[in-house]
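Numbering (our numbering), first residue to last: 271 to 456.
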């Protein structure tokens, strides 16, 4: 399978680096980046009614990379269409440091996110804030991904399990410097 026709799903908790990795792979290999958070969040952080239809449409055919599989409404669809699953299974301390830096940058810089949304310091009090979510859900999300992968995935689905930032960086470097058939292998 070549990277250009790949159908890749990235799995992992918020802050693991899914979107960053997806952007880099998409840019280098000409894949369509399906940014799941951007499709989900409408104005004022409200779920977009067309979320599921958009994901279904954007992941039809080959040549895409979806940067999350954690939304239950689309998880089964994404996993059933993927030919490659990349699990960014980073330690909690690493994830928390990343989420903290990202949240500070977004809040202090008044960074505009999807559909005009902004992350504010007041939002940090919400149970749904990425900092609180990453802390509370790290172990559960890890079990969830492991259980899904253990549930007898089709043999044609490649699994890339990356457990450190260094491992992820090395894998990305190999992938962006190779064009061989086996480039997606761990």
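Backbone N, C-alpha and C fix where the C-beta goes; we use that ideal spot for every residue, glycine too.
Query	Result
Roughly how far, in whole angstroms, is the beta-carbon of residue 285 from the beta-carbon of residue 369, given that I think they are within contact range, below 8 Å?	4 Å
When burial is assigned at 16 or more other CB atoms within 10 Å of the CB, is residue 390 buried or exposed?	exposed
Determine whether the beta carbon atoms of residue 345 and residue 338 lie at a separation below 7 Å.	no
For my contact list, residue 312 and residue 359 are in at a C-beta cut-off of 8 Å; report their separation, rounded to the angstrom.	At roughly 30 Å, the Cβ-Cβ gap does not stay under 8 Å, so residue 312 and residue 359 are not in contact.
Determine, using beta-carbon pairs with one atom in the segment 377–388 and one in the segment 300–320, whether at least three such pairs fall under 8 Å.	yes
Beta-carbon separation of residue 304 and residue 334 under 7 Å?	yes
Please state whether DSSP places residue 383 in a helix, a strand or coil.	coil
From 321, 409, 439 and 447, pick the residue whose C-alpha is nearest to that of residue 366; which is it?	409
List in chain order: all unbroken alpha helix (DSSP H) runs of 4+ residues lying wholly within the segment 294–339.	306–310 and 321–328
Tell me which residue opens and which closes the alpha helix (DSSP H) that residue 357 is part of.	No alpha helix (DSSP H) holds residue 357; the beta strand (DSSP E) holding it covers 354–358.
Based on DSSP bridge pairs, tell me the residues matched to residue 281.	357
With C-beta atoms as the reference, is residue 430 less than 7 Å away from residue 356?	yes
So what's residue 439 in DSSP terms, helix, strand or just coil?	helix
If I follow the unbroken alpha helix (DSSP H) through residue 395, where does it start and stop?	No alpha helix (DSSP H) contains residue 395, which DSSP labels as neither H nor E.
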